Amino acid sequence: MKQKFISFYIFMIISLGNAYSQVTTEQIYYGASSLSMSASDVALPKDSWSLFVNAAGIARQQGLSLVASSQSHFNQDYLSHSFLGFQFKTSKYGAYGISVENFSVDYSGSSLSAETAIGFHQGIMLRSDRSSSFSIGYGIKYYNIDYGSSAGPSGDGSDGIKLGSLSTFGLDISFLGSLADRIRVGAKALNINSPTLGGANNSTRLPQRSQIGIAYSPYDLVWTTVSLNKSVGHPTHFSSGLSYEIQKNIFLKTGMQTSPNRFSSGFEVYFKKIKIDYGFITHPVLPLSHQISIEVNR
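Heads up, the sequence shown stops at 300 in my numbering, and the numbers go up one at a time, no gaps.
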């Protein structure tokens, strides 16, 4: 009974949110590493995940990298979020990234909605010397939302009428600076072009979000992070995190955030050119959210 109540509660949150904002699945935790630090890592040097965390970091990309992650929000199978990213560096034209995201809401085997985002990203190094660096980045994303089918005679959507889909484009910008490779400052702003879905009479603006953060490494094994995260129409989140290399190629991570108060933790393990991450985050009412990620570098 408790599980059914939780599922119904989450389902109502998604349903009511769609009534007002269409694309309600604004994602903050990109990758298990980011989730385990409560998304306080906007300034943290993580080259392979830069296209999701801070596109300016793509400028430091060396070679090729492939990242992938999946999670079910609040441990509910019908709230599935998965994403895939590919970063590469060319000899003449700089470093780039391509990302694909999918978020779907399924109920009793029927798709209530499916959202897809395909992005092209670039990081540009403006200054780099022995003591400091500064880079900027941008991302262009194509958003598409499929509204699935109506309830139909059966009431579960299996024999309903197709409700169609909508699409638009969004523009993101970011920057990343470092001093003596011990102090880093990063920031990003998403959907700065105020993209909307729908026509003039029923248009809905996509979520807009900005984030700024600082990362500090007192010594080689430790990174500490803090950040402020603000979405238009929502309270400002404060988050902080810690990454500690407890043994060679094994990292323990933890974090916390406010509004609402949530705590997170996880670990990261390297196997030569493969990295595996796991993270979880709490919620004051709902169950834990878990995420697992994999990274392959060449």
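Quick reminder that beta carbons are idealized off the backbone N, C-alpha and C, glycines included.
As the structure is a computational prediction, the values presented were derived from the model and not from experiment.
Going by CA-CA distance only, name the one from the options that's closest to residue i.
| i | options | result |
| --- | --- | --- |
| S295 | I60, A70, A61, Q89 | A70 |
| S106 | Q73, Q259, D183 | Q73 |
| I138 | I147, I126, Y149, V234 | I126 |
| S266 | T284, L254, K277, K250 | T284 |
| L254 | A116, S36, F85 | S36 |
| Q64 | D49, F136, S82, S261 | D49 |
| V234 | G257, G200, S196 | S196 |
| I185 | S169, L288, Q213, Y218 | Y218 |
Name the two residues that bound the continuous beta strand (DSSP E) containing residue i.
| i | result |
| --- | --- |
| F136 | 134-148 |
| A70 | 66-74 |
| A189 | 185-192 |
| A217 | 211-218 |
| L254 | 252-259 |
| L173 | 167-181 |
| A34 | First-last for A34: 34-38, but that is the alpha helix (DSSP H), not the beta strand (DSSP E). |
| Q293 | 291-299 |
| Q249 | 239-249 |
Buried or exposed for residue i, going by 16 or more other Cβ atoms inside 10 Å?
| i | result |
| --- | --- |
| Y144 | exposed |
| D222 | exposed |
| Q78 | buried |
| N193 | buried |
| F85 | buried |
| H1 | No answer is possible for residue 1: it lies beyond the span of the chain, which begins at 3 and ends at 300. |
| Q24 | The predicted position of Q24 is uncertain, since its pLDDT is 33 and thus under 50; a value taken from the coordinates is nonetheless stated next. That one is buried. |
| L53 | buried |
| G215 | buried |
At which residues does the alpha helix (DSSP H) containing residue i begin and terminate?
| i | result |
| --- | --- |
| S205 | That residue, S205, is in no alpha helix (DSSP H); it is neither H nor E in DSSP. |
| L53 | 52-55 |
Could you give the C-beta distance for residue i and residue j, rounded to a whole number, given that I count them as a contact under 8 Å?
| i | j | result |
| --- | --- | --- |
| I147 | S134 | Their Cβ separation, rounded to whole angstroms, is 42 Å, which puts I147 and S134 out of contact at 8 Å. |
| E297 | S67 | 7 Å |
| S113 | G257 | That belief does not hold up - the Cβ atoms of S113 and G257 are roughly 33 Å apart, past 8 Å. |
Beta carbon of residue i: closer than 6 Å to some heavy atom of the ligand MG?
| i | result |
| --- | --- |
| L168 | In the structure on display, the ligand MG does not appear, and there are no ligands present to speak of. |
Is the segment 232-245 touching the segment 169-181 in the sense that three or more CB pairs, one from each, lie closer than 8 Å? no
Sufficient close CB pairs (3 or more, under 8 Å) joining the segment 38-49 to the segment 224-231: yes
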